[in-house]
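Residue numbers (the numbering used here): 51 to 213.
Don't be surprised by glycine CBs; every beta carbon is placed ideally from N, CA and C.
First comes the structure, then the notes that go with it.
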Amino acid sequence: MISRSIINFALFQGVWFMALFLEHNSLIPALAVVALMIYLSKQRKQDSWLLLCGLPLALGYEWLASSLNLLAFKVSPFPLWLAVLWAALLLTINTSMQFLQKLPWYIAWGVCVLFAPASYYAGMRFEVLNTELVLWQFWLVYGLGWASMFMAIIAINKRFLAA
């Protein structure tokens, strides 16, 4: 189980770094990695449903954040590689990030508030995206919204999709 989690996490990180460094050119290899993540999944049916249910929520949040000028991408409202990155992230929920489902919801939410904006901040540093907000404002506003949306996805996964 631990090796499966490590592989899942490493594959997600691969997609993340491809998106960061290659942006649009990451689409084909990142999609291949997402396909591999699905192939290696022990809960393929649940993960497929999670993609179907979670991706619209996640991308809806990204669209809303972009519409509210919380962040901006080079392509409006957001690039296609972000959807692939989100697919990879969703495929970590039942494997390498399963620990979040075992924490009390408010602690898992707090973890997301603290750490999720760091990924976007890295994207800002590499000029993949930007924000007009001061860093602490972005971290607070985007982190609160992102964590709430992600916890909703986790709740849907636990309540409705778990086998």
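The Cβ atoms of L107 and A202 lie closer than 8 Å to each other. In the structure shown, A122 falls within a strand segment according to DSSP collapsed to helix, strand and coil. A distance of 8 Å or more separates the beta carbons of N58 and S169.
For S169, the uninterrupted alpha helix (DSSP H) segment begins and ends at W155 to R175. The C-alpha of I143 is placed about 11 Å away from the C-alpha of Q93.
L141 and I204 do not touch by the CB rule: their CB atoms are close to 13 Å apart, not below 8 Å. Taken through DSSP and simplified to helix, strand or coil, N144 comes out as coil.
The C-alpha of L114 is placed about 27 Å away from the C-alpha of Q148.
The three-state secondary structure of L183, taken from DSSP, is coil. When secondary structure is reduced to three states using DSSP, V178 falls in the coil class, being assigned neither helix nor strand.
Taking 8 Å as the cut-off, the beta carbon of F176 is found closer than this to the beta carbon of L70. Shortest Cα-Cα distance from L120 to any of F210, T181 and M174 involves T181. Distance between R54 and F165, taken at the CA atoms: about 23 Å. Within 10 angstroms of the beta-carbon of F67 lie fewer than 16 other beta-carbons, which makes it exposed. In this structure, DSSP gives P79 a helical state, which the three-state scheme calls helix.
Under the criterion of beta carbons closer than 8 Å, V134 and A85 do not qualify as touching, at roughly 10 Å. For A158, the closest alpha carbon among the candidates A138, V83, I206 and A197 is that of A197.
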